[in-house]
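In this note's numbering, the protein residues as written are 6 to 240. Here a beta-carbon is modelled for each residue, glycine too, at the ideal position from N, C-alpha and C. These numbers were taken from a predicted model, which means no experiment stands behind them.
Right, here's the structure in full:
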């Protein structure tokens, strides 16, 4: 098995399954879903709806994935979601799809849920791998391969020597999971791998770094410049 191909790993895992209607009322679940969400009392599952079982941030994420599914002409591909509840950090892969009745009307929705937290993080919740989307599926990138990371709205793009990749995680979530000895946030939109810095471009007005390989020039914001220079031994 190619260990960097997460889809192949998912084939060997039992997903949590939940069927719900367009108002997010839960119709059916399986036992694996209860194991993924042990903090939810069993007697609440069918007495409330799917959104009410989650806090604000994951609730908005679920609504967004649901909207994409309804707008799409095919099932929404796997997407990763970071969810925190009661100090428990979880990394979940979701796949959402509509199910039809005998009249081919959109009758119920199905969501497959995979808890991949143990496969991409350490017990201390440091990220061992970064999941990214590629044309052949979702792959896991070793942090050492990363040159820099750029924020794209609530998501981000990972840049490596081999190319750049879309990632469903936010820049803040990735920053929390990476080693501060190897990575530093130089700007609200950029995290860099210190080992991949080729040159520092500095004058009286600005500070920037030139990254190796693609020679990208990235700005260092003024409020982060001191910490950056200290970390690389220039102050």
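With 16 or more other Cβ atoms inside 10 Å of its own Cβ, residue 101 counts as buried. Taking 8 Å as the cut-off, the beta carbon of residue 134 is found no closer than this to the beta carbon of residue 143. Annotation for residue 98: 83, 85, 119, 121 place their beta carbon closer than 6 Å to its own, counting only its chain and skipping 5 residues before and after. In the displayed model, residue 228 falls within a helix according to three-state DSSP.
Closest in alpha carbon position to residue 196, among 112, 218, 224, 139, is 224. Around the CB of residue 237, fewer than 16 other CB atoms lie within 10 Å, so the residue is classed as exposed. In the three-state DSSP reduction, residue 29 falls in the coil class, being neither helix nor strand. By the criterion of at least three beta-carbon pairs nearer than 8 Å, the segment 41-58 is not in contact with the segment 142-160.
A check of alpha carbon separations from residue 15 across 228, 63, 145, 74 identifies 145 as the nearest. Judged by beta-carbon spacing, residue 28 lies within the 8 Å limit of residue 54, meaning their Cβ atoms are closer than that value.
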